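Add 23 to the 1-based position in the sequence shown for this note's numbering, that's all there is to it.
The beta carbon of each residue, even a glycine, is placed where N, CA and C say it ideally should be.
All figures in this text were calculated on a predicted structure; none of them were measured in a lab.
Following: one structure in structure tokens, then a few remarks.
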Amino acid sequence: MAAGLTLTASATAASPPTANGPIKALIRYPTMHGNSVVFEAGGNLWRTTMQGGTATQLTSDSGFDMAPHFSPDGQWVAFTGWYQGNTDVYVVPAAGGAVRRLTYHSINRKVGEGKLRTSLDNIVLGWTPDGKNVVFLSRRTSFNPQVMHAFTVPLDGGLPKQLPLPWTGPLSFNASGTEVAYNKLSRVFRPFHRKHYFGGQAQDIWTYDFKTGKSRQITHWKGADVWPMWHGDTIYFTSDRGAKGVQNLWSYSFSKNQFTQLTHFDAYDIDSPTLGHDGIALSDGGDLYVYTFNDGQLHRIDVRVPMNDKHAQPHWADASKTLAGATIAPSGKLAAFSGRGALFTVPAKHGSTQTLTHDPAADERDPAWSPDGKQIAYILAKGRSDEIALRNATGGAPTLLTHDSKLSYQGPLTWSPDGHWITYIDADEHLWLQNVQSGKRYKVATDRSGRGAFGDVTWSPGSDWIAFSRMLADRKRGLFLYHVTDHSLHGISSGQFDDDAPAFSTDGKYLFFASDRLVNLAGGTSDWSSTTNLDSSGLYAATLDKDTASPLAPRQPKAAGQPTDKPKKNDKKKASTHTGPLHIDLAGLMSRAVQLPVPATNIDRVRAAKGVVYYSTQPNYVLGGHLTGEKPQLRAYDLDKRKDLTLDDGGQDLTLSADDSTLMYESKGHWVLRPTSFDKKAKTQKLDLSHMRRWVQPRAEWATIFGESWRDVRDYFLNPQLVKAHWDAMGQRYGKLLPRATSRNDVNWLIGNMIATFGESHMYVGGGDQGWKSPASETADLGADFALDTASGRYKLARIYHGDNTLPGYRAPLAQPGLKVSTGDYVLAINGQSLKAPMNPYALLNGTYGTTVSLRLSRHASGRQAWTIHVKPIANAEKLHLLAWIRHNREMVSKLSNGKVGYVYLNDFEATGAHEFIRQYASQMHKQGIVFDDRWNLGGSDALEMSVFSRIARKLTNMFATRLGWTFTGPTASYGYKALIYNRGSASNGDMFPYMFKQAHLGPIIGDRSWAGVRGYDGPFSLLDGGHLTVSDNAMYSLHSKWVVENIGVEPDVTVHDKPGQLNRGHDAQLQTAVDMLMKKIKAAPRTLPAPPPWTPAFPKQPVYPQCTDHMNHTTCG
């Protein structure tokens, strides 16, 4: 920094944008060079001076720009830009000018037929010291989403080159470029990284020497030391090691071997600091600062941003894309929907869509139409509370049924048929009954099992009984009846089965319900596949009066000549409706239940009208989706005809109009009205939701989203004491920055920082109407690594990944049978376009996903004897890298153990991990030892983790032998010694697995402390613009009543750190240690299966039995 520069330190209160001039925006990602500072605000890059004032816009695209870094000479700014649905590395002249793209490699994932999803990648970290290359982080060669590698890409363009670090996060070169200071992984680019965090991913600063391959740990703080910046003799970084636990700037001097705290912020963490020649640019609480080396002082720069506030401009939005509830009018001619925080009525045929609510600062959801059609009840979320509100179906001001509520409310809201009562649920899972006229309310029941417990409340036709299900002590759902008059509650289920989805018949005779009483185990040849229960639900009917005949009772035959009851052609089927008090014989009610003759399936909703039971079903769930070929169905059972019928293949979310005339449901992306008749060909009407247009005022909407996120944590977070002590203050701390937000991304960043203050796992925020996102572009992958032949400027295939073409998702484009291509071949052209440096090969693959690509190949850089092949690229090569990782590790284990030890990798506890475990484990069980590799396990399903664990933990009890001498184990189990390796990337269920492995004494656990996250959630909360929020609402504890693992991690029996130098040389110390420990046990006491005993002699001598004598009434022996 030039001498004599004056830096302003004045503070200005946060102010929202106005049409009168520049604003004080939330400033992030600052970078500095000389007298210039560049930063991000509102999704674009801006430039200012050390003196502050009004900034100048550097990028003005419609995308989102982040992580800018000045080049060492100050001529360029490299940054990560999100355009066309991808994040890539770009450069722009520091003085302004055209933006140039440097990378073209996406990490798109296939999420549906022809659909791709991308996530943050290619994050700029800085430059090489000579200024010739941009340094960035990417997952492009990773086998796991947690693992990122560092790459360099030339300023002039070309193929990125991976740095020799096995995995890394933020890093910084020394002046000569021979060493780097780095974090071993990246958590800092997430909007929800945990604060006050001490688990296995609490980063330290390490150095690595590229020449010697040696690494050195610089910091040893139990918390987070991040953002290393190497300047001369000093490494600067941020750390939460101070008294306040807030990320501040620190330094470590090599010569003095001394740590020094340089800043003393006490509220907000330092965000995204970057190193310049003369100092460090940083932001804190949205303000811009520079720490200068010459005076060792922190200077605040007051800067205003003259943006057009493009992301906050009011605009029309399609509310049908963010539905939050649906209801049907009693007549069946109208429907009401909640979308984008507003209520709409939509006609079946005639009329127009009406917007009932217009408050831009409210979220109005879960509508329920009153039986008389005059009112709509709904949940009104605004400010610090939710309220139950009523509104005329034609519009007008709301009337509140609840006042100053201390808890949030949940749907569904359910009216009594007479319109006098309404039910709803609060955040503590209390089911409430409230009189609409008097306002008096009663607590009906409580379900402590989790959110969304009372989703199947239903009323008797006379409005005097409520039926619903709730969780019982053994995690089975049971049915309950509540009498509205005397407020008595009666459990009617045995607890042996899951009973739910009750519905009264309109004549008051029956209670219909669904129950998982059926056992349909899916058989198979493997031990795993024989334990899945498919289509376990049946449809049942119980008589409410003990004297009422069963709906399946035998019928009297018609006497000869007696007229039949065949209806006339134009007669409509009618059924009497019971309107008075309903008599129920509670004693023995479930013993009077019968199974209706409908196919076994998975029933989720039941409704009854006019002698027909309507029910919706869901396809069988399998990991990663649903059973192939299955879909939701809307079905009906006619009590009189005793027949079952499929009404709609695809129907779900079933509801019924109050007059029993019309069904409403969702099918194949449309909402449909259908008359209540036992006729598959009945005329249906698709509702037109295209006119559900919401006038969005983003700043008001952002305030609502922030408020509902704060409320969701207040009401659903698992530790109420922590909420009581801190949550109001955290809401105020981050809420006061909200007026400075200039994009939806800023809002997520504020919410993410707010929820991160608890230091809890599984607290995430994401999504929403970002405004700048576009569909993912179709950059494709060939499943190969390129390498540049610098002499010729040609690219050759350095490695071809072979995958497994017999398995879905593992197809290797260049490893297809009969394809003439080998490692070392030169790629001369792609789709007829010549490929030569500095062209990036992936630039020619842009837009080719889902198409056939031609490759011109040659064994020679000159191109002689060239030929052409045609291949179909894949979206990304992550699974090919995963399979390569597994095969490499298995080969190493086999080599180190002379084939005596097996290897099983546990990638996650979702679909990929389950498939891999089933494929791997059976082939390794015969080994004398097995290494289970839990490293980088992303977690997933509790049920799947328990299934995997139970199979690994099985004890061998016996053997079987066939006539021909074939032997096999029973039960199917490994008889060898076991060891588990894991690391900081073992997260969530990946945390729980080594904990259970250790508690069960299955063998040693080896590696690094795990992530430390065993406090989960029931499901994400939906924010009104389509965003999502998760809140930890359950936690694991030990049999000694101690909280375990959370924010600590699982401590290994043997600690072994991964070292980049060793890994680059092919030496995996964690894997080696596990094999060595198992081999020591095998050597001391080899594990072999016992041989079968010799066959017994033919016709062995029989024992002598005592003589028996028969008497008249008895027999005596001996």
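Report back the beta-carbon spacing between residue i and residue j to the nearest angstrom; my notes put them in contact at under 8 Å.
{"i": "D735", "j": "S431", "result": "7 Å"}
{"i": "V122", "j": "L178", "result": "Actually they are not in contact, since the Cβ atoms of V122 and L178 sit about 14 Å apart, beyond 8 Å."}
{"i": "I402", "j": "I411", "result": "6 Å"}
{"i": "G652", "j": "G1049", "result": "G652 to G1049, Cβ: 30 Å. No contact."}
{"i": "D568", "j": "D522", "result": "Contact flag wrong, Cβ pair sits at about 20 Å."}
{"i": "L346", "j": "L366", "result": "With 8 Å as the limit, L346 and L366 do not qualify as a contact, their Cβ atoms being about 11 Å apart."}
{"i": "G246", "j": "Y275", "result": "No, G246 and Y275 are not in contact; Cβ-Cβ is about 15 Å, not under 8 Å."}
{"i": "T350", "j": "T678", "result": "7 Å"}
{"i": "P1017", "j": "S1033", "result": "6 Å"}
{"i": "F1172", "j": "L454", "result": "The question about residue 1172 has no answer here: the residues shown for the chain are numbered 24 through 1141."}
{"i": "S79", "j": "N67", "result": "It should be pointed out that residue 79 corresponds to Thr in this sequence rather than to Ser. The Cβ separation is near 11 Å, so there is no contact."}
{"i": "G57", "j": "D96", "result": "About 10 Å; that fails the 8 Å criterion."}
{"i": "S393", "j": "W444", "result": "S393 to W444, Cβ: 11 Å. No contact."}
Cβ of residue i less than 8 Å from any chain B Cβ?
{"i": "Q519", "result": "Of the chains in the structure shown, none is chain B; there is only one protein chain."}
Quick check on residue i: buried or exposed, where buried means 16 or more other Cβ atoms within 10 Å of its Cβ?
{"i": "K595", "result": "In this prediction, K595 has a pLDDT of 44, which is less than 50 and means its spatial position is unreliable; what the coordinates show is noted afterwards. Exposed."}
{"i": "N981", "result": "exposed"}
{"i": "E914", "result": "exposed"}
{"i": "F983", "result": "exposed"}
{"i": "D627", "result": "buried"}
{"i": "K819", "result": "buried"}
{"i": "H1137", "result": "exposed"}
{"i": "L575", "result": "exposed"}
{"i": "S713", "result": "exposed"}
{"i": "T446", "result": "buried"}
{"i": "A204", "result": "buried"}
{"i": "N593", "result": "In this prediction, N593 scores a pLDDT of 42, lower than 50, which makes its location untrustworthy; the coordinate-derived value is nonetheless stated afterwards. It counts as exposed."}
{"i": "T871", "result": "buried"}
{"i": "V1142", "result": "Residue 1142 lies beyond the residue range present for the chain, which begins at 24 and ends at 1141; the question has no answer from this structure."}
{"i": "A1177", "result": "Residue coverage of the chain in this structure runs from 24 to 1141, which leaves residue 1177 outside it and unanswerable."}
Flag this pair as yes or no: are the beta carbons of residue i and residue j separated by less than 8 Å?
{"i": "P251", "j": "S195", "result": "yes"}
{"i": "A358", "j": "W694", "result": "yes"}
{"i": "D248", "j": "D232", "result": "no"}
{"i": "G192", "j": "M171", "result": "yes"}
{"i": "H334", "j": "S766", "result": "yes"}
{"i": "A623", "j": "L745", "result": "no"}
{"i": "G1008", "j": "R958", "result": "yes"}
{"i": "Y688", "j": "Q675", "result": "yes"}
{"i": "T110", "j": "N145", "result": "yes"}
{"i": "Q457", "j": "L502", "result": "no"}
{"i": "G1028", "j": "T1096", "result": "Just to set this straight, residue 1028 is Ile in the shown sequence, not Gly. No."}
{"i": "L1046", "j": "S732", "result": "yes"}
{"i": "P896", "j": "P831", "result": "no"}
{"i": "P1145", "j": "S238", "result": "No information on residue 1145 is available, as it lies outside the stretch 24 to 1141 that the chain covers here."}
{"i": "S486", "j": "D451", "result": "no"}
{"i": "Y127", "j": "T813", "result": "no"}
{"i": "L512", "j": "A490", "result": "no"}
{"i": "G1036", "j": "S1011", "result": "yes"}
{"i": "T368", "j": "A420", "result": "no"}
{"i": "T566", "j": "A632", "result": "no"}
Flag residue i as yes when its Cβ comes closer than 7 Å to any non-hydrogen atom of the ligand MN, and as no otherwise.
{"i": "A64", "result": "Within the structure as shown, the ligand MN is missing, as the structure has no ligands at all."}
### Task
For the stretch 949–958 and the stretch 905–923, state whether three or more C-beta atom pairs, one from each stretch, are separated by less than 8 Å.
They touch, by the three-pair rule.
### Query
Are at least three pairs of beta-carbons, each pair with one atom in the stretch 770–784 and one in the stretch 861–870, less than 8 Å apart?
no
#### Entry: Residue ranges of each beta strand (DSSP E) within the stretch 413–460, 3 or longer
Correct list: 432–438, 444–449 and 453–458.
### Query
Counting only runs that start and end within the stretch 290–354, where is the alpha helix (DSSP H) found for 4 or more residues in a row?
none
### Query
Can we say the stretch 1099–1111 touches the stretch 930–942, given the rule of at least three CB pairs closer than 8 Å?
no
### Task
Would you mind listing the beta strand (DSSP E) stretches within the stretch 828–915 that are 3+ residues and don't spill past its ends, in chain order?
849–853, 876–881 and 890–894
### Query
Three or more beta-carbon pairs under 8 Å between the stretch 741–758 and the stretch 320–334, yes or no?
Because the criterion of three Cβ pairs below 8 Å is not met, the stretch 741–758 and the stretch 320–334 do not touch.
### Inter-stretch contact (C-beta, 8 Å, three-pair minimum) for the stretch 84–95 and the stretch 777–787
no
### Query
Whole alpha helix (DSSP H) runs in the stretch 690–744 with 4 or more residues, listed along the chain?
721–739
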